[in-house]
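Undergrad: Right, I'll just put the structure down here and ask away after.
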Amino acid sequence: MVLGLNKLGLRWMVEVLLPTLLHISVFLFLTGFVIYLFSFHHLVAKVVVGCVGACALLYLSFSSSPIIFPQSTYFTPLTKLIRVFSMGVILLVLAVCYWTSLCWRFKAAYSIRDLFRKYYQRIRAGMTKDVEEMAVDQSLSLGLYTSVVNRTFRFLEGDQDMEQFLSSIPGFYDSTRVGEEAARVFDELNSKELPGLIISFMSSTLSSHLLKNDEKKTRIAICTRAINADPVLLRLTFRQTLEAMELETFRNIHFVQFALSHSDNLDYLTRDCARCIVAVAINCAHDYRGDWAKVVQRHLNLSDVDLNYFLHNVDSMRLYSLIHLIWQLKASRLRDSDQFEPGKVWYKALAEARKLNIANVVPEMRREFCALWNELVKVTEVLAGQTPSLGMSQPNARHILSLLCDVYTPLHAGTPCELDAPLSQDTRTLDASSLLPTELKRTPAVRLTDIVEIEVAGFWVMCYPMAR
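Here the sequence shown stands for residues 11 to 478, numbered as in the numbering used here.
In structure tokens:
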């Protein structure tokens with residue numbers, strides 16, 4: 011059927027003949043209307059002629075602009091007719107030149123013949139072919155790419171448009187024509203609006219009751235592929251995920267697995283954010299079977315025996331995850347950053363990861379926690395001018411200790427290691443003296459390196475000895 015329509019010339023009828031007849035009919039109508047007005051009132055007729063002439067010139071300029079400037083975005087039904095007419099004139103001129111060259115036996119006759127064939131093929135192919143050749147032969151400038159992407163982003167409406175936009179990002183970055191310029195095209199969006207919108211899109215997707223699980227999984231996969239396309243977008247999306255703290259996102263196993271795959275990223279901020287996301291996700295999860303068990307095992311570097319033990323002691327696993335995260339952040343290149351201050355990224359992650367039931371924690375994990383607490387206290391007690399052995403600044407150690415007070419207090423209630431005035435407010439910074447047990451604050455001569463293990467209330471803890 012398609013071949014038959016092509017043979018009958020239906021494309022020419024639709025693209026050339028019908029627009030020609032319509033324009034002739036409009037022209038005849040306007041001509042008759044003006045002649046009719048001149049028989050009644052010359053002034054009115056002249057005004058109408060002026061308006062019609064101005065509109066006709068504007069219409070002709072829009073119609074001819076794609077022929078003069080192929081990048082023009084304006085197009086009218088008359089454009090194809092003007093193109094055919096202009097190409098016909100060019101073919102007529104070339105035909106005359108060709109026959110003249112043959113008569114006078116000019117060597118340029120064959121070049122003119124090839125040019126004639128080229129224009130003839132362009133007429134037969136239509137304007138679509140010209141646009142395709144222009145897209146292939148001409149490389150768009152960086153500014154034009156950026157303008158197109160930004161305008162497309164501004165006109166996104168609804169989740170469907172957002173899904174299509176995000177699904178196109180990996181292909182844009184992989185395009186050989188754009189190449190290394192892709193990151194520069196998305197630089198403004200990646201550093202400002204796009205990370206936050208991706209987080210909102212994932213959150214609305216996961217919290218929606220209208221989408222099926224397969225549709226949610228598909229959208230999250232689209233988001234992760236888009237995020238993974240650019241290192242800047244990856245880093246800022248992870249960071250804003252922790253700042254937004256949308257728990258539905260942390261409970262999605264596919265996003266958590268994606269974050270876990272970047273827990274060894276070469277970029278320090280991306281790596282630390284990924285580790286924080288996984289730690290918060292482990293604390294927020296409800297069911298640790300299946301893929302969640304694999305996430306826990308890989309993140310905490312557990313053997314199968316230890317994993318099975320923790321799966322039966324969830325709060326102990328959460329405490330171990332918190333301890334593991336703090337040790338990782340203390341060993342990070344960003345350990346002296348301001349992200350441990352209240353309201354910042356690491357602070358929010360630790361505040362969320364510390365939520366657990368201390369009463370269910372096994373003695374071994376209490377012992378690990380006390381060892382970490384004592385090490386942090388040692389950092390806060392380093393004299394001025396000395397460098398802490400752990401390489402962490404004293405203010406950051408105090409911020410972590412202030413967060414851990416909610417864990418320390420119930421862990422040591424009624425023991426010799428109980429804090430004199432434990433603080434649970436996240437916005438307050440503890441003084442070094444408030445971090446020590448009551449007995450120790452009464453004996454300033456005690457050495458902080460003299461740490462012993464004692465059994466208190468049926469479990470082993472690390473604490474500071476009383477003065478002899």
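All C-beta atoms in this analysis are idealised placements derived from N, C-alpha and C, irrespective of residue type, glycine included.
The model shown is predicted, which means the values in this text are computed figures rather than measured ones.
Taking only three categories from DSSP, how would you classify His309?
TA: Helix.
Undergrad: Look at Arg364 and Leu413 and say whether their C-beta atoms are less than 8 Å apart.
TA: Cβ atoms of Arg364 and Leu413: closer than 8 Å.
Undergrad: Do you know how far the Cα of Phe350 is from the Cα of Ser271?
TA: Each residue's Cα considered, the two are about 24 Å apart.
Undergrad: What do you get for Asp282, buried or exposed, if any count of 16 or more other CB atoms within 10 angstroms of its CB means buried?
TA: Asp282 comes out buried.
Undergrad: Is Phe95 helix, strand or coil when you go by DSSP?
TA: Of the three classes helix, strand and coil, the one that applies to Phe95 here is helix, per DSSP.
Undergrad: Which whole-angstrom value is the C-beta distance of Pro87 and Pro29, which I expect to be below 8 Å?
TA: Indeed, because the Cβ distance is near 4 Å, the residues count as touching under 8 Å.
Undergrad: Among the candidates Arg328, Leu243, Trp337 and Ser73, whose CA atom is the shortest distance from the CA of Val371?
TA: Of the listed residues, the one whose Cα sits closest to Val371 is Arg328.
Undergrad: For Ala236, which residues in the same chain have their Cβ closer than 8 Å to its Cβ, ignoring the five residues on either side in sequence?
TA: So the qualifying residues of the chain are Leu176, Ser177, Ile179, Pro180, Ile208 and Leu243.
Undergrad: Let me confirm a value: Ala239 is counted as buried when at least 16 other C-beta atoms fall within 10 Å, else exposed. Which label applies?
TA: With 16 or more other Cβ atoms within 10 Å, it is buried.
Undergrad: With a cut-off of 8 Å, do at least 3 Cβ pairs link the stretch 372-382 to the stretch 325-342?
TA: The stretch 372-382 vs the stretch 325-342: in contact.
Undergrad: Counting Cβ pairs, one atom from each stretch, are 3 or more of them under 8 Å apart for the stretch 295-305 and the stretch 354-362?
TA: Contact between the stretch 295-305 and the stretch 354-362 is absent, because fewer than three Cβ pairs lie under 8 Å.
Undergrad: Am I right that Ser73 and Ile92 are in contact with their C-beta atoms under 8 Å? What's the rounded C-beta distance?
TA: Contact flag correct, Cβ pair sits at about 6 Å.
Undergrad: Among residues of its own chain, excluding the 5 on either side of Thr439, which ones have a beta-carbon nearer than 8 Å to its beta-carbon?
TA: At Thr439 the pLDDT is 37, less than 50, meaning the model places this residue with poor confidence; the figure from the coordinates comes in the next sentence. Excluding sequence neighbours, Thr439 sits near Pro405, Arg408, His409 and Ser412.
Undergrad: Taking C-alpha atoms, which residue in Asp224, Glu362 and Arg345 lies nearest to Glu253?
TA: Cα-wise, what sits closest to Glu253 is Glu362.
Undergrad: Taking DSSP as the reference, what is the three-state secondary structure of Phe43?
TA: Residue state, collapsed to three classes: helix.
Undergrad: Consult DSSP for Ser403 and reduce its assignment to one of helix, strand or coil.
TA: If DSSP states are grouped into helix, strand and coil, Ser403 belongs with coil.
Undergrad: With a 10 Å radius around its C-beta and 16 neighbouring C-beta atoms as the bar for buried, classify Ala341 as buried or exposed.
TA: With fewer than 16 Cβ atoms within 10 Å of its Cβ, Ala341 is classed as exposed.
Undergrad: Classify Gly153 as helix, strand or coil using the three-state DSSP reduction.
TA: Gly153: helix per DSSP, three-state reduction.
Undergrad: Spatial neighbours of Ser300 within its chain, please: C-beta separation below 7 Å, excluding the five flanking residues on both sides.
TA: Residue 300 is actually Gly in this sequence, not Ser. Excluding positions up to five away in sequence, the list is empty.
Undergrad: Straight-line CA distance for Asp184 to Glu173?
TA: Cα-Cα distance, rounded: 18 Å.
Undergrad: By the 10 Å Cβ neighbour count, where 16 or more other Cβ atoms means buried, how is Asn275 classified, buried or exposed?
TA: That one is buried.
Undergrad: How would you call Glu385, buried or exposed, if buried means at least 16 neighbouring beta carbons within 10 angstroms?
TA: With 16 or more Cβ atoms within 10 Å of its Cβ, Glu385 is classed as buried.
Undergrad: So, using beta-carbon positions, are Asp346 and Ser403 closer together than 8 Å?
TA: Yes, these two residues count as a Cβ contact at 8 Å.
Undergrad: Give me the residue from Leu221, Asp348, Leu310 and Ala269 with the minimum Cα distance to Thr234.
TA: Answer by Cα proximity: Ala269.
Undergrad: Three-state secondary structure (DSSP) at Tyr108?
TA: Reduced to three states, the DSSP call for Tyr108 is helix.
Undergrad: Near Leu321, what residues of its chain come up, given a Cβ to Cβ distance below 6 Å and the 5 sequence neighbours on each side ignored?
TA: Answer for Leu321: Tyr298, listed in chain order.
Undergrad: Could you give the C-beta distance for Ala284 and Arg261, rounded to a whole number, given that I count them as a contact under 8 Å?
TA: 16 Å between Cβ atoms; not a contact.
Undergrad: Rounded to the nearest angstrom, what separates Ile45 and Ala66 at their Cα positions?
TA: For Ile45 and Ala66, the distance between alpha carbons rounds to 17 Å.
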